[in-house]
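From first to last, the protein sequence lines are chains A and B.
Going by the numbering used here, the final residue of the first sequence carries number 339, and the count climbs one at a time with no gaps.
Going by the numbering used here, the final residue of the second sequence carries number 435, and the count climbs one at a time with no gaps.
Ideal Cβ positions, reconstructed from N, Cα and C, are used throughout, including at glycine.
Computed from a prediction, not measured in an experiment: that's the story for all the values here.
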Amino acid sequence: NAGVTQTPKFQVLKTGQSMTLQCAQDMNHEYMSWYRQDPGMGLRLIHYSVGAGITDQGEVPNGYNVSRSTTEDFPLRLLSAAPSQTSVYFCASSHDRSGGNTIYFGEGSWLTVV
Amino acid sequence: QQQVKQSPQSLIVQKGGIPIINCAYENTAFDYFPWYQQFPGKGPALLIAIRPDVSEKKEGRFTISFNKSAKQFSLHIMDSQPGDSATYFCAAILNNAGNMLTFGGGTRLMVKP
Numbered sequence: 226n227a228g229v230t231q232t233p234k235f236q237v238l239k240t241g242q243s244m245t246l247q248c249a250q251d252m253n254h255e256y257m258s259w260y261r262q263d264p265g266m267g268l269r270l271i272h273y274s275v276g277a278g279i280t281d282q283g284e285v286p287n288g289y290n291v292s293r294s295t296t297e298d299f300p301l302r303l304l305s306a307a308p309s310q311t312s313v314y315f316c317a318s319s320h321d322r323s324g325g326n327t328i329y330f331g332e333g334s335w336l337t338v339v
Numbered sequence: 323q324q325q326v327k328q329s330p331q332s333l334i335v336q337k338g339g340i341p342i343i344n345c346a347y348e349n350t351a352f353d354y355f356p357w358y359q360q361f362p363g364k365g366p367a368l369l370i371a372i373r374p375d376v377s378e379k380k381e382g383r384f385t386i387s388f389n390k391s392a393k394q395f396s397l398h399i400m401d402s403q404p405g406d407s408a409t410y411f412c413a414a415i416l417n418n419a420g421n422m423l424t425f426g427g428g429t430r431l432m433v434k435p
């Protein structure tokens with residue numbers, strides 16, 4: 226049982242480049258989400274999905290795109306990278322609405338935009 | 323607009339001390355309040371959680387105190403150990419919002435031997 230798997234672990238991008246952060250979970254969770262973590266600001270929700278084919282915006286969605294074609298995968302796309310997108314990105318998943326005890330996080334993807 | 327405010331930003335205690343981390347929230351529709359522990363290079367991991375109809379919850383050395391009327395809650399770590407050194411986040415989940423978390427800003431705890 227791998228849990229929530231994120232790739233890549235580290236990435237350096239040039240301003241204007243595009244890339245995709247991958248997230249996969251093997252727990253058959255319906256809910257998946259992406260957060261970014263910046264110093265002193267905790268984690269902020271970028272986009273989330275409550276099931277295959279359904280996505281919605283979180284607190285800081287600008288500059289990011291998501292899709293959910295399968296239950297297992299929830300990729301995060303940076304359309305045109307900007308230095309303000311330098312951050313640590315975490316994918317999370319959960320399988321019911323009972324609260325935080327079922328929310329699992331990946332180990333993070335460190336992204337630097339130069 | 324930060325819906326969950328956390329303090330202090332950093333905290334240093336001696337081994338055996340009782341660090342206390344405080345959080346306050348605005349939205350009364352929040353209905354679940356978890357605390358997460360994060361070690362460097364790792365994702366957050368659930369530590370303990372509470373619902374607003376409960377005033378206190380204890381799991382091992384970790385205790386949450388919840389004051390619904392004041393919209394505040396806090397984490398106490400009893401007999402703290404150097405291995406507890408980590409960043410702690412309080413969070414809140416909005417009712418019927420698909421398990422999406424609103425996080426506080428985090429507290430970096432250092433427990434000195």
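Residue of PHE235/A, SER305/A and THR337/A minimising C-alpha distance to LYS364/B:
PHE235/A
Give me the chain A residues within the contact set of ASN344/B, using Cβ-Cβ distance strictly less than 8 angstroms, ordered along the chain.
Near ASN344/B there are no residues of chain A at all, since even the closest Cβ is about 14 angstroms away, more than 8 angstroms.
What does a CB cutoff of less than 7 angstroms around PHE425/B pick up in its chain, not counting 5 residues either side in sequence?
VAL326, PHE411 and ALA413
What's the gap between the Cα of THR385/B and the Cα of TYR354/B?
15 angstroms
Does the beta-carbon of ASN253/A have 16 or more other beta-carbons within 10 angstroms, so that it is buried, or is it exposed?
exposed
Beta strand (DSSP E) segment containing ALA249/A, residue limits:
244-250
Would you mind telling me which residues of chain B sit closer than 7 angstroms to SER258/A, beta carbon to beta carbon, in chain order?
MET422
Please classify GLY405/B: does DSSP put it in a helix, a strand, or coil?
helix
Please confirm whether LEU333/B has its beta-carbon closer than 9 angstroms to some beta-carbon of chain A.
no
Given 8 angstroms as the limit, is there contact between the stretch 229-243 of chain A and the stretch 389-403 of chain B, that is, 3 or more CB pairs closer than that?
no
Just grab the DSSP bridge partners of SER258/A for me.
TYR273/A and ALA317/A
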